[in-house]
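The structure appears below as structure tokens.
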Amino acid sequence: MENILYILPRGIAIGALISAPMGPIGMLVIQRALGKGRWAGFFTGVGASLSDVIYCLLTGFCLSFITDFIDRHQMLITVIGSVVLAAFGLYLFRKNPTRSLTAQAVDASNYWSDFATGFLLTFSNPLILFFIIGLFARFNFILPEFSVVHHVLAYLTIVLGALLWWAGVTALVSRLGRRINVRSLKLINRIIGLILLVMAVVGIIMALLDKSFA
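Per the numbering used here, residue 2 is the first one in the sequence shown, and the count goes up by one each step.
Right, here's the structure in full:
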């Protein structure tokens, strides 16, 4: 039960944070929610979430081979993960999301094609791996004592976090409609960037404090 309570909030947070930046997939979800309806945008996000969890599985699989190294260098890994998050936070804070907007994929014929394009667009960006590694390290997400059941639950909570994010985004877009503009998208990116920067700073401070009291 203790491990489940450990996994649940971290997995949901990781799933939401992976999905949150307003890059090409975020713009596509918003476009479809505006142009075709909430469910078209949501299923695009579901496809993106499947791609994200595949990259999370690859990250967790690689980390499982270096558990001894993780145990011995926990502070270093936390600091590195925090630095990665800080770099992504700065990138998002300065990024103009509309530059990533592509107009060609909006006219999909059904939810399956919405899902497929969301998956392919996200899967075509393997750089997300570095972001995921940073999040896994920052949250110390995969523990050596986890059983198979814990691993399955961990990845399911990531999916849950991602789906909750896309459900919230598409519901908000449907409610606000055309009032969403470029300034709103920039503000979302800046808020997310600031959150990542704060998490990074807190992670580094906590790692250094743990080291000093060790």
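We put the beta carbon where it would ideally sit given N, CA and C, even for glycine.
Between Leu35 and Gly27, the CB-CB gap reaches or exceeds 9 Å. Runs of the beta strand (DSSP E) lying entirely within the stretch 22 to 64, each at least 3 residues long, are absent.
The residue from Ser125, Leu91, Thr79 with its alpha-carbon nearest to that of Arg191 is Leu91. Of the residues assessed, Val47 falls on the buried side of the cut-off, its CB having 16 or more other CB atoms within 10 angstroms.
Using a C-beta cut-off of 8 Å, the stretch 152 to 170 makes contact with the stretch 2 to 17, since at least three inter-stretch Cβ pairs fall below that distance. When rounded, the separation of the alpha-carbon atoms in Leu59 and Val174 is 32 Å. According to the DSSP assignment, Phe120 belongs to the alpha helix (DSSP H) that extends over 112 to 124. In this structure, Thr171 and Phe116 do not form a Cβ contact; the two beta carbons are roughly 14 Å apart against a cut-off of 8 Å. Between Ala163 and Ile19 the beta-carbon gap is near 6 Å, inside 8 Å, which marks them as a contact. Taking 9 Å as the cut-off, the Cβ atoms of Ile189 and Ala87 do not count as close. In the three-state DSSP reduction, Pro10 falls in the helix class (H, G or I). DSSP places Ile134 in the helix class (H, G or I) of the three-state scheme.
Residue burial annotation: Arg139 is buried, with at least 16 other C-beta atoms found within 10 angstroms of its C-beta. DSSP, read as helix, strand or coil, puts Glu3 in helix. By the criterion of a C-beta distance shorter than 7 Å, Phe120 is surrounded in its chain by Gly48, Ala49, Leu51, Ser52, once the five residues flanking it on both sides are discounted. In this structure Val30 is buried. Its beta-carbon is surrounded by 16 or more other beta-carbon atoms within 10 angstroms. By the criterion of a C-beta distance shorter than 7 Å, Leu154 is surrounded in its chain by Ile5, Ile8, once the five residues flanking it on both sides are discounted.
Straight through space, the alpha carbons of His151 and Ile55 are spaced by roughly 17 Å.
In this structure, the beta-carbon distance from Leu195 to Phe94 falls below 9 Å.
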